[in-house]
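**Student:** Encoded as C-alpha cells, here's the structure I'll be asking about.
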Amino acid sequence: AANEFVFQNISVSASSYQPATTNFPSNTLDGNLATRWSAQGDGQYITYDLGRVEVVQSIDLAFYQPSGVRSNWFDVLLSNDGLAWRSALTNAIGTNAALENFDFADWPARYVRVVGHLNSQNDFNSITETVIHYSTPVDLDSDGLPDIWELYYFGNLTNTPAGDPDGDSQANAFEFLHGSDPTVFNIS
Numbered sequence: 003a004a005n006e007f008v009f010q011n012i013s014v015s016a017s018s019y020q021p022a023t024t025n026f027p028s029n030t031l032d033g034n035l036a037t038r039w040s041a042q043g044d045g046q047y048i049t050y051d052l053g054r055v056e057v058v059q060s061i062d063l064a065f066y067q068p069s070g071v072r073s074n075w076f077d078v079l080l081s082n083d084g085l086a087w088r089s090a091l092t093n094a095i096g097t098n099a100a101l102e103n104f105d106f107a108d109w110p111a112r113y114v115r116v117v118g119h120l121n122s123q124n125d126f127n128s129i130t131e132t133v134i135h136y137s138t139p140v141d142l143d144s145d146g147l148p149d150i151w152e153l154y155y156f157g158n159l160t161n162t163p164a165g166d167p168d169g170d171s172q173a174n175a176f177e178f179l180h181g182s183d184p185t186v187f188n189i190s
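Shown next, in the form of C-alpha cells:
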C-alpha cells in the first residue's frame, strides 16, 4: 500500500545520506519498500516535519534487509521547535523489511526524528519507509495549549498560555513551543 504521507505536506530532511547513491531521505515517504534512505555512522538521523503540532502516537518503520539478515538500533525523538528534543523511544530494535509499528506515549510535537545507531551487519542506518501516526491535539479550554501537555505538567486545564507557574519569566506558551518543563525554573 502507498504511504499516506505521499499525499500530505510532510517534509523530511536528514543529517546526511549515503554519497554517490539515490538513497535520499524523501525515499522514506515514497510508498516504495524498494527505495531507502541510508547514512553511515552512529547518530545519523532523519527528521520529519508534520507542518504543525500534532499528537504523535506511534511510528511505523521498515528497514533495509529483513530480520534474518540484520537488526537495526534506533531512538525516536519529538520536538515542537526542531531544537529541543524529547525521547519517545530509546534503544529500540527494528528487524522488519515490512512496516513495523513502534508505539510510545502520545505527545504533542511538530517534528519526529529517528536517530540510527547502526545495525548488526555494518555501520549504516537504512530506512525504506516511514509512517507516523498522529491526531489533532485536543484543546477543550481553547487556550492554544494541547490538553495532553497541560494535564501532564499541571494535572488540570486551569493554566493559561501567559501563565508562568515556575516564575522563570517564560510563559507556558513559550515553554510548550520550546519543549521545556513549565514547572521547573529555567535559566534564560
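Quick note on numbering: the sequence shown equals residues 3 to 190 in our numbering. Beta carbons: idealized from backbone N, C-alpha and C, even for Gly. Quantities reported herein were computed from a predicted structural model and do not represent experimental measurements.
(1) State the Cα-Cα distance for the pair residue 115 and residue 169, rounded to the nearest angstrom.
(2) To which residues does DSSP link residue 186 through a beta bridge?
(3) So which of 167, 176, 36 and 179 has the shortest CA-CA distance to residue 101?
(4) Where does the unbroken alpha helix (DSSP H) through residue 153 begin, and where does it stop?
(5) Using the beta-carbon count (16 or more within 10 Å), is residue 144 buried or exposed?
(6) What span of residues does the beta strand (DSSP E) with residue 104 cover, start to end?
(7) Hey, residue 88 and residue 109: beta-carbon distance below 9 angstroms or not?
(8) So, with DSSP's three-state summary, where would you put residue 11?
(9) Closest to residue 175 by C-alpha separation, out of 187, 157, 189 and 151, would be which residue?
(10) If you count every other CB in all the chains shown that lies within 10 Å of the CB of residue 22, and 16 or more means buried, which is it?
(11) Pick out whichever of 142, 154, 95 and 111 has its Cα sitting closest to the Cα of residue 136.
(12) What is the rounded straight-line gap between the Cα of residue 56 and the Cα of residue 126?
(13) Going by DSSP in three states, residue 35 sits in which element: helix, strand or coil?
(14) Quick one: what does DSSP say residue 49 is sitting in, helix, strand or coil?
(15) Distance check for residue 38 and residue 26, CA to CA, integer angstroms please.
(16) Once the 5 residues before and after residue 138 are set aside, which same chain residues still bring their CB inside 8 angstroms of it?
(17) Using DSSP with H/G/I as helix, E/B as strand and the rest coil, what is residue 175?
**Tutor:** Walking through what the data contain:
(1) Counting from one through the sequence shown, the residue named residue 115 turns up at place 113. Counting from one through the sequence shown, the residue named residue 169 turns up at place 167. Cα-Cα distance, rounded: 31 angstroms.
(2) For the purposes of this step, residue 186 is identified with residue 184 of the sequence shown, where counting begins at 1. Beta-bridge pairing by DSSP links residue 186 to no other residue.
(3) Counting from one through the sequence shown, the residue named residue 101 turns up at place 99. The shortest C-alpha separation from residue 101 is found at 36.
(4) Counting from one through the sequence shown, the residue named residue 153 turns up at place 151. Annotation: the continuous alpha helix (DSSP H) that includes residue 153 extends over 149-156.
(5) Position 142 of the sequence shown, counted from the first residue, corresponds to residue 144. Counting Cβ neighbours within 10 Å, residue 144 comes out exposed, since fewer than 16 surround it.
(6) Taking the sequence shown and counting its residues from 1, one reaches residue 104 at position 102. It spans 102-121 - the beta strand (DSSP E) in which residue 104 sits, taken as one unbroken run.
(7) Mapped onto the sequence shown, residue 88 falls at position 86. Mapped onto the sequence shown, residue 109 falls at position 107. Yes, they are a contact pair.
(8) Sequence index remark: in the sequence shown, residue 11 carries index 9 (1-based). Residue 11 falls in the coil class under three-state DSSP.
(9) Counting from 1 along the sequence shown, the entry for residue 175 is found at position 173. Taking each of 187, 157, 189 and 151 in turn and checking the Cα distance to residue 175, the smallest one comes out for 151.
(10) The sequence position of residue 22 within the sequence shown is 20, counting from 1. Within a 10 Å sphere around the beta-carbon of residue 22 sit fewer than 16 other beta-carbons, which makes this residue exposed.
(11) By 1-based counting over the sequence shown, the position of residue 136 is 134. Of the listed residues, the one whose Cα sits closest to residue 136 is 111.
(12) Translated into the one-based positions of the sequence shown, residue 56 becomes position 54. Translated into the one-based positions of the sequence shown, residue 126 becomes position 124. Roughly 30 angstroms between the two C-alpha positions.
(13) Locating residue 35 in the sequence shown gives position 33, counting from the first residue. The three-state reading of DSSP puts residue 35 in coil, since its state is none of H, G, I, E or B.
(14) In the sequence shown, counting from the first residue as 1, residue 49 sits at position 47. Residue state for residue 49 is assigned as strand, using DSSP reduced to three classes.
(15) Position 24 of the sequence shown, counted from the start, is the residue given in the question as residue 26. Position 36 of the sequence shown, counted from the start, is the residue given in the question as residue 38. Roughly 7 angstroms separates the two Cα atoms.
(16) Stepping through the sequence shown from its first residue, residue 138 is reached at position 136. Apart from sequence neighbours up to five positions away, the residues of its chain that approach residue 138 with a beta-carbon distance below 8 angstroms are 56 and 57, ordered along the chain.
(17) Here residue 175 is taken as the residue at index 173 of the sequence shown, counted from 1. When DSSP states are grouped into helix, strand and coil, residue 175 belongs to the helix group.
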